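Protein sequence lines correspond, in order, to chains H and C.
Counting in the numbering used here, the first sequence tops out at residue 470, every number present.
Counting in the numbering used here, the second sequence tops out at residue 354, every number present.
Heads up, the beta-carbon is just placed ideally off N, CA and C, and yes, glycines get one too.
As the structure is a prediction and not an experimental result, all values here were calculated from the model.
What follows is a set of notes on a single structure, which appears directly below.
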Amino acid sequence: VTEALDRATDAQILVDSVGQGAIYALMAVGIGLVFGVLRLINFAYGQLIMAGAYTLAFTSDQPVVASVVACFVVVVALSLLMERAVFRPLRTASPAVMLVTTFAIAFMLQAIALLVDLRNDDLIGEAAVSVAPLNQVVTIGGVEVRKLTIVAILVAAGTLALLALLLMRTTIGLHMRAAATDFGTARLLGVRANLVIAAAVFLSGLLAATVAVLLTVQLPFVQPDFALRETIIVLVGVVVGGIDRLWTATLGGFLIGFATAEINAALPTDKSVFWPSFVFGLVILVLLLRPAGLFSWGRAPTVERA
Amino acid sequence: MRRYVDAGVQVAAPAVLVVAVGIWSTLVSESKEIYFLNALVSVAIVVAIYVFVGNSGVLSFGQISFVAVGAFAAGVMTIPLESKTGVLPDIYPLLRDHTIGNVWSLLLAAAVGGVFAFAVGLPLMRLSGLAAGIATFAVLEITHNLLREWTKIGPGATTLSLVPETTDALQATVGALIAILVAFAYQRSRFGRLLRASREDAFAAQGVGVSVHRQRLWAFTLSGALAGFAGGLLVHLLGSITTEQVYLELTFLTLMMLVIGGMTSLFGAVVGALAVSGLDSFLSEAEQGVSVGVSIDLPQGSRLIFLGAIMALVLILRPSGLTGGREFGLWRWRWRWSRGGSAQPA
Chain H
165 VTEALDRATD AQILVDSVGQ GAIYALMAVG IGLVFGVLRL INFAYGQLIM
215 AGAYTLAFTS DQPVVASVVA CFVVVVALSL LMERAVFRPL RTASPAVMLV
265 TTFAIAFMLQ AIALLVDLRN DDLIGEAAVS VAPLNQVVTI GGVEVRKLTI
315 VAILVAAGTL ALLALLLMRT TIGLHMRAAA TDFGTARLLG VRANLVIAAA
365 VFLSGLLAAT VAVLLTVQLP FVQPDFALRE TIIVLVGVVV GGIDRLWTAT
415 LGGFLIGFAT AEINAALPTD KSVFWPSFVF GLVILVLLLR PAGLFSWGRA
465 PTVERA
Chain C
9 MRRYVDAGVQ VAAPAVLVVA VGIWSTLVSE SKEIYFLNAL VSVAIVVAIY
59 VFVGNSGVLS FGQISFVAVG AFAAGVMTIP LESKTGVLPD IYPLLRDHTI
109 GNVWSLLLAA AVGGVFAFAV GLPLMRLSGL AAGIATFAVL EITHNLLREW
159 TKIGPGATTL SLVPETTDAL QATVGALIAI LVAFAYQRSR FGRLLRASRE
209 DAFAAQGVGV SVHRQRLWAF TLSGALAGFA GGLLVHLLGS ITTEQVYLEL
259 TFLTLMMLVI GGMTSLFGAV VGALAVSGLD SFLSEAEQGV SVGVSIDLPQ
309 GSRLIFLGAI MALVLILRPS GLTGGREFGL WRWRWRWSRG GSAQPA
């Protein structure tokens with residue numbers, strides 16, 4: 165009996181880890197797309213997701229579909245606004261300045277969220293109940309799986325497949341790949357900078373909205389620092405995987421989501437509070453061994469381009 | 009002769025600013041004094057970060073770990089013996105049974121910060137660019153995790169309280185001045201110039217025989233020592249501290265200060281720290297209602313919104329920072345020819 169239980173728990177952990185990895189992979193793609201064309205690490209990506217989560221919470225009394233649509237509209241609009249107001253004027257600035265500016269934007273959005281949250285009622289945090297049914301459990305072969313985990317894995321796989329089609333099979337996808345490889349040359353060859361960047365930001369906004377829905381189902385209590393921790397970990401994963409190329413970044417995101425869940429489960433209870441030390445110790449080790457990225461082979465890094 | 013005058017002016021400008029803030033702090037009411045002392049401690053922290061980030065051009069998110077270990081080392085070792093077992097029940101006997109004076113605790117904080125930075129930097133300084141940024145961030149995460157959960161070396165997740173509040177106007181000013189003088193001496197030294205050369209062009213610097221790894225390691229260690237020292241000042245200013253206060257928010261805030269001032273100059277680091285601290289203090293007052301010619305009364309909780317928005321605006325309008333990343337000079341238009349400056353290639 166214990167053996168069967170063990171096996172079930174192992175499978176359980178594995179499924180949960182893959183689910184978390186899938187969500188993190190989606191975030192990694194969102195961050196990687198924008199990095200590709202702008203060489204900008206958008207730290208405020210988590211606040212886009214947070215805005216989506218608040219939208220879901222505030223529209224809880226509406227039908228689920230309306231609520232989710234509102235979430236997509238808000239996140240994509242905010243994403244495009246951010247591009248227009250912040251990224252565009254900073255296009256020629258150094259990477260450090262761009263990154264630090266997104267810190268400031270993240271600060272600001274979080275403060276706005278806190279203010280709006282407190283205006284609604286005097287308590288910090290809002291509950292998003294309309295999407296909660298996805299959190300129910302179904303049992304498959306003795307393994308209890310939350311519906312969300314299945315949805316997350318399917319959505320991630322579907323989205324990534326669509327994105328791959330878009331990037332490989334359409335003109336705008338070709339332009340985006342060209343811009344990510346060498347923006348200067350791509351422009352000389354007729355790639356329209358503003359269009360390509362807007363497309364990348366738009367797609368990254370769609371992904372942020374998707375993640376907002378998935379994360380809100382998982383953690384229906386929305387606070388101003390919603391998704392902040394996840395964003396930081398995904399950023400780490402993206403660099404560990406190799407931020408130069410989208411697929412290595414995505415793999416990095418998936419891997420760190422998967423690894424944090426597995427390490428969390430594998431540590432004995434009295435040591436589990438030390439999981440960040442284990443995860444980040446591993447991060448340092450990988451970076452020292454493969455500074456250009458765990459999955460980057462062959463090509464020299466193009467990150468620090470002049 | 010001119011080069012010595014230039015150098016004097018360059019170090020005098022930030023020093024005068026700091027002394028002015030120090031004197032100003034003694035002229036205001038006690039409730040407002042904390043704003044000024046906070047600003048001075050921020051100067052010490054940002055200057056410490058500048059010593060590595062500004063001179064090497066490598067973005068580090070890890071310097072606040074050295075502030076944290078400095079703060080907790082100085083804090084744990086200065087709590088009076090009779091209250092130690094109450095505040096720190098699980099701590100190692102060696103730490104429990106000894107207490108040191110204020111100045112010694114600051115030196116200890118600097119030493120702990122420096123040694124820790126050296127140990128961490130030894131492997132990590134081989135990295136550059138984003139990999140270095142993420143690796144140093146990992147150091148911050150590990151430091152925070154250990155300080156928070158390992159109750160044998162500190163208070164763990166609870167507040168470290170009853171630390172003597174010895175950072176007054178004099179100590180804060182002198183502390184910030186020490187940081188500035190050390191940073192200035194370093195950036196004009198042979199080591200500092202070698203590192204700055206590698207910042208402008210790593211390959212060319214290597215080509216003329218600069219060991220980039222070694223120079224970065226020196227700067228990282230010095231920066232760690234200054235950060236530890238600043239952490240000591242911080243804990244003695246606050247009197248009580250938690251691990252959350254020396255973690256993400258402080259990391260982002262101090263980096264924003266550095267970049268807003270101008271990442272590549274000492275003057276920029278000081279101006280950035282003072283400007284952002286000043287703005288933050290002004291906004292906190294404005295939330296209570298303040299009168300500067302016109303009366304300003306901001307809604308409660310809007311301080312961080314304005315702070316974030318103004319910082320973003322400054323960065324968008326002046327990406328190279330308020331000082332343009334240059335040292336202060338009386339002959340500003342002669343920048344390209346002055347020797348001690350950090351004028352960037354246009």
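query	result
Should the stretch 398-411 of chain H be called in touch with the stretch 222-236 of chain H, which here means at least 3 C-beta pairs below 8 Å?	no
Just reading off the beta strand (DSSP E) that tryptophan 310 of chain H is part of, what are its end residues?	In the sequence on display, residue 310 of chain H carries arginine and not tryptophan. Note, arginine 310 of chain H: beta strand (DSSP E), 307-310.
Below 7 Å between beta carbons is the criterion; list the residues of the stretch 249-265 of chain C that meet it against any residue of chain H, in chain order.	Phe260, Leu263, Met264
Give me the Cα-Cα distance between leucine 449 of chain H and valine 29 of chain C, rounded to the nearest whole angstrom.	44 Å
Closer than 7 Å by beta-carbon distance: list the chain H residues that pair up with leucine 130 of chain C, in chain order.	Under the 7 Å cutoff, chain H gives no residues; its nearest Cβ is about 11 Å from leucine 130 of chain C.
What are the residues of the stretch 212-232 of chain C that lie near chain H, defined by any Cβ-Cβ distance shorter than 9 Å?	none
Which ranges does the beta strand (DSSP E) cover as unbroken runs of at least 3 residues, wholly within the stretch 97-174 of chain C, from first to last along the chain?	none
Say whether chain H places a C-beta atom closer than 7 Å to the C-beta of methionine 319 of chain C.	yes
Contact criterion: CB-CB distance below 7 Å. Does threonine 265 of chain H meet it with respect to chain C?	yes
What are the boundary residues of the beta strand (DSSP E) that valine 26 of chain C is part of?	No beta strand (DSSP E) contains valine 26 of chain C, which is instead part of the alpha helix (DSSP H) from 10-35.
Are any of the Cβ atoms in chain D nearer than 7 Å to that of alanine 139 of chain C?	No chain D is present in this structure, whose protein chains are H and C.
Report the rounded CA-to-CA distance for arginine 203 of chain H versus isoleucine 396 of chain H, giving the unit in angstroms.	17 Å
Listing by chain order, which chain C residues have their CB less than 7 Å from the CB of serine 441 of chain H?	Ile150, Asn153, Leu154
Quick check on leucine 298 of chain H - is its C-beta less than 7 Å from some C-beta in chain C?	no
According to DSSP, is glutamate 335 of chain C helix, strand or coil?	coil
Check whether the Cβ atoms of glycine 416 of chain H and valine 437 of chain H lie closer than 7 Å to each other.	no
Give a yes or no on whether 7 Å exceeds the smallest Cβ distance from alanine 165 of chain C to chain H.	no
Please list, in chain order, the chain C residues whose beta carbon lies closer than 7 Å to that of phenylalanine 438 of chain H.	Asn153, Glu157
Can you tell me whether glycine 349 of chain C is helix, strand or coil according to DSSP?	Note that glycine 349 of chain C scores 44 on pLDDT, short of 50, meaning its location in the model is unreliable; the coordinates nonetheless yield the value given after this. In this structure, glycine 349 of chain C counts as coil in the three-state DSSP scheme.
If you follow the alpha helix (DSSP H) that valine 377 of chain H is in, where does it begin and where does it stop?	357-382
At the level of alpha carbons, what is the spacing between glycine 297 of chain C and glutamine 211 of chain H?	29 Å
Is it right to say aspartate 174 of chain H is buried, meaning 16 or more other beta carbons lie within 10 angstroms of its own, or is it exposed?	exposed
Quick check on the burial criterion: 16 or more other C-beta atoms within 10 angstroms. Buried or exposed for histidine 244 of chain C?	buried
What ranges does the alpha helix (DSSP H) occupy inside the stretch 380-455 of chain H, keeping only unbroken runs of at least 4 residues that lie completely in it?	392-405, 410-430, 439-453
Quick one: is valine 267 of chain C near chain H, going by C-beta distance under 7 Å?	yes
Taking the beta strand (DSSP E) that isoleucine 205 of chain H belongs to, which residues open and close that run?	Looking at the DSSP string, isoleucine 205 of chain H is not in any beta strand (DSSP E), and its letter there is neither H nor E.
Given glutamate 308 of chain H, which residues of its chain have a CB within under 6 Å of its CB, disregarding the five upstream and five downstream residues?	Val301
Would alanine 205 of chain C count as contacting chain H if we go by Cβ distances under 7 Å?	no
Any contact of the stretch 62-79 of chain C with the stretch 121-137 of chain C, i.e. 3+ C-beta pairs under 8 Å?	yes
With 8 Å as the C-beta to C-beta threshold (strictly closer), list the residues of the stretch 399-420 of chain H near chain C in chain order.	Leu399, Val400, Val403, Val404, Ile407
Using the beta-carbon count (16 or more within 10 Å), is histidine 106 of chain C buried or exposed?	exposed
Pick helix, strand or coil for valine 295 of chain H, following the three-state DSSP scheme.	coil
Would you grab the beta carbon distance between phenylalanine 390 of chain H and tyrosine 188 of chain H for me? Rounded to a whole angstrom, and I think it's under 8 Å.	Rounded, the Cβ-Cβ distance is 15 Å, inconsistent with contact.
Which residues of the stretch 245-275 of chain H have a Cβ closer than 9 Å to any Cβ of chain C? Give them in chain order.	Ala249, Val250, Pro253, Leu254, Thr256, Ala257, Ser258, Pro259, Ala260, Val261, Met262, Leu263, Val264, Thr265, Thr266, Phe267, Ala268, Ile269, Ala270, Phe271, Met272, Leu273, Gln274, Ala275
Suppose the cutoff is 8 Å on Cβ atoms and the five residues either side in sequence are ignored; what does the same chain contact list for leucine 451 of chain H look like?	Val403, Val404
Thinking C-alpha only, which one of H/Leu458, H/Val377, H/Gly196, H/Val193 is nearest proline 297 of chain H?	H/Val377
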